[in-house]
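Below is one structure; the comments refer to it alone.
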Amino acid sequence: LSFPIDFPLVAEDLVRRLLVRDEGRRSSIAEVLSHPLCTSIGAPQPPLPQP
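To convert a position in the sequence shown, counted from 1, into this note's numbering, add 435.
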């Protein structure tokens, strides 16, 4: 599996973990949600009020 040179390493790591064929070795949903890529995404912010 190869990725574009500008593909973020943290995203590459997560994709590789998700594509493991062996279910026993593949990341669980809890592991995915605690992965740095997922934890770096902030909660959606409400829209700013219009002036």
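Think of the CB as a built atom: it goes at the ideal place given N, C-alpha and C, for glycine as much as any other residue.
Being a predicted model, the structure only gives us computed values, none of them experimental.
query, result
"Helix, strand or coil for D448, going by three-state DSSP, please let me know.", "helix"
"Between H470 and L444, is the Cβ-Cβ spacing less than 8 Å?", "no"
"Using only the alpha-carbon positions, how far apart do S463 and P486 sit?", "45 Å"
"Tell me the rounded alpha-carbon separation between P484 and G459.", "48 Å"
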